[in-house]
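Below you'll find the structure, written out as structure tokens, and then a few comments.
Residue numbers (the working numbering), protein chains in the order written: chain P, 13 to 432; chain Z, 1304 to 1464.
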């Protein structure tokens, strides 16, 4: 019913606008409106009523659809993660949604919405046990890796580039706007900008409030949310790369963010952004030392690898980013640091590297430099770039890396095969 | 770019079929001729512009021929025991190493012009969108053989994500 309610809300808003502005509407209009609302309620209720799920012989099976019946069968061996999502409305009603994700497309996902919260948790645990195939009792143990501090969260949000620059722009518009002969337009524009930024900041805060990441037998358990809450599991083998992000304005405070690039599943249309996407936040904001400690618990000493700077002549090719550029190899991981104003440290397991690329541009050739890219599964932005190394070192890397990657792959068991 | 020099014979790179160069040269010449014709047409209305275009056309075509020649010579691929190497690029020299175990699909395509010369392009895809392993201008039977070999090797060493 919550699902229906959620769909209903925008509809009610849309209908309420002309209703309020007209003051009085014709009788037939009101009837049509009521009919639409009723239809949405009935459709939502019907969808909920006709959905059935069960587990038989290691396969999760869901039947749904009123007119066009659809059966989804998801072998538990293919399950990538099982998440518990509770939007605000669902929390008020004591309900929760269990989301089962498999690799591959969105169609491979299963959403069981909505169950009583307790039952949903029970089901989640049961499914996890089945997926893992282990004894349930041992699974509950979890060790907390990091918990977001609310004051720091509040302090760091306005310092994000995406929040700060629009605010400064809006303020500038308010202060100097009247000299630009914009009339009332400047104030209106500034208001719109501030509203949009406020919404963005509120969304970031509400999804990262109470953020916790813990290590369990299944990998990582990520929890958080102010209004709507979510609990996700992230199997370690799904992590393609770890990134430590240090925005310019966080660096004076020594704050950093830890995110993981995650393979498979494009969930662009999900309602809750925090639980979607290829990038999972592991630590929203924390002192760099704490971020490194969490990273270390996941990848070992490679998290502490500082890497080496490129040769000094690289300063001519990359004058701005040169002071930040670093690259290094350690214990089956490659570490690269890039960035002009924002420092981005990428730690990529060699076992996850899909291909290795050497690129040498005209300026690099003149300076006898080259860049070695390590491509990870996913879009163009995943993976790591060992930038502007000396050509000799790059050559050596290109000769060594394929072998090192192959060794790392054999040493690391790969996860469940993605759904074809 | 002999970046794999030690212990590797320099001629071990396999190259696209020379017909690819013919095709690329043909494209450049066609472009030059088109420019010339436009110049001739314009000379009726604007003599100076027309003459300028007519003079520019052979120069542009000449530069283009030089460029496609270098570009053609830059292409190369090599099948090693565990991975495929593909190199290309004149301004930006690129070399990709794709382990057979990481291949997800091998694609053979042939556009109308390529087809008329009996050529095809082989492209390898991995789970990463950044992987850049395309070999154009292979003889069609060479392309089919390469595809089959790659698929066979991929199956033998297939690995997950």
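Glycine residues also receive a C-beta, built at the ideal position from the N, C-alpha and C atoms. Computed from a prediction, not measured in an experiment: that's the story for all the values here.
- Linking residue 1326 of chain Z to residue 1391 of chain Z through their CA atoms gives a straight-line distance of about 17 Å.
- Inter-residue distance for residue 154 of chain P and residue 252 of chain P is about 23 Å (C-alpha atoms, whole angstroms).
- Each residue's CA atom was taken as its position, placing residue 423 of chain P and residue 405 of chain P some 26 Å apart.
- Spanning the alpha carbons of residue 1350 of chain Z and residue 322 of chain P requires a straight line of approximately 56 Å.
- Under DSSP, residue 303 of chain P forms no beta bridge with any residue.
- By the C-beta criterion, the stretch 260 to 270 of chain P is judged to be in contact with the stretch 167 to 176 of chain P, since at least 3 inter-stretch pairs fall below 8 Å.
- If you draw a 10 Å sphere on the C-beta of residue 1376 of chain Z, you find fewer than 16 other C-beta atoms in it, and that means exposed.
- The beta strand (DSSP E) runs lying completely inside the stretch 1327 to 1386 of chain Z and spanning 3 residues or more are 1379 to 1382, given in chain order.
- Beta-bridge partners of residue 162 of chain P (DSSP): none assigned.
- Nearest Cα to residue 1401 of chain Z within the set P:231, P:80 and P:370: P:370.
- Three or more Cβ pairs closer than 8 Å define a contact, and the stretch 357 to 369 of chain P falls short of that threshold against the stretch 322 to 333 of chain P.
- CA-to-CA, the gap between residue 140 of chain P and residue 379 of chain P works out to about 54 Å.
- What residue 245 of chain P touches in chain Z, judged by beta-carbon distance under 7 Å, is nothing: the nearest beta carbon there is about 17 Å away.
- Residue 1397 of chain Z belongs to the set of residues whose beta carbon lies under 8 Å from a beta carbon in chain P.
- In the structure shown, the three-state DSSP call for residue 264 of chain P is helix.
- In terms of Cβ geometry, residue 1409 of chain Z and residue 1441 of chain Z do not form a close pair [threshold 8 Å].
- When DSSP states are grouped into helix, strand and coil, residue 1448 of chain Z belongs to the helix group.
- At a cut-off of 8 Å between beta carbons, residue 272 of chain P makes no contact with chain Z.
- Only buried fits residue 111 of chain P, as 16 or more other CB atoms lie within 10 angstroms of its CB.
- One thing to note: residue 79 of chain P has its Cβ no nearer than 8 Å to the Cβ of residue 242 of chain P.
- Per the coordinates, the alpha-carbon of residue 109 of chain P lies some 15 Å from the alpha-carbon of residue 59 of chain P.
- With at least 16 other beta carbons inside 10 angstroms of its own, residue 1435 of chain Z counts as buried.
- Under the three-state reduction of DSSP output, residue 353 of chain P falls in the coil class, being neither helix nor strand.
- In the three-state reduction of the DSSP assignment, residue 191 of chain P falls in the helix class, which pools H, G and I.
- Within chain P, the residues 366, 367, 387, 388, 389, 390, 394 and 395 have their CB atoms less than 8 Å from the CB of residue 1431 of chain Z, given in chain order.
- By DSSP's assignment, residue 380 of chain P forms no beta bridge with any residue.
- Excluding five sequence positions before and after residue 1339 of chain Z, the CB atoms of its chain that fall closer than 7 Å to its own CB belong to 1357 and 1360, given in chain order.
- DSSP assignment within the stretch 1398 to 1422 of chain Z yields the following whole beta strand (DSSP E) runs of 3 residues or more, N-terminal first: 1408 to 1412.
- As DSSP reads the structure, residue 385 of chain P sits in a beta bridge with P:369 and P:397.
- Within the same chain, 362 and 420 come within 6 Å of residue 344 of chain P by CB-CB distance, once the 5 residues on both sides are set aside.
- Here the stretch 401 to 418 of chain P does not lie against the stretch 1443 to 1452 of chain Z, with fewer than 3 beta-carbon pairs under 8 Å apart.
- Residue 1372 of chain Z and residue 1364 of chain Z have their C-alpha atoms some 12 Å from each other.
- Using a Cβ-Cβ cut-off of 8 Å, residue 370 of chain P counts as an interface residue toward chain Z, since at least one Cβ of chain Z sits closer than that to its own.
- Take the alpha-carbon of residue 133 of chain P and the one of residue 163 of chain P: they are about 30 Å apart.
- For the stretch 1371 to 1385 of chain Z, the set of residues with a beta-carbon nearer than 7 Å to any beta-carbon of chain P comprises 1385, in chain order.
- Distance from the CA atom of residue 126 of chain P to the CA atom of residue 158 of chain P, rounded to whole angstroms, is 30 Å.
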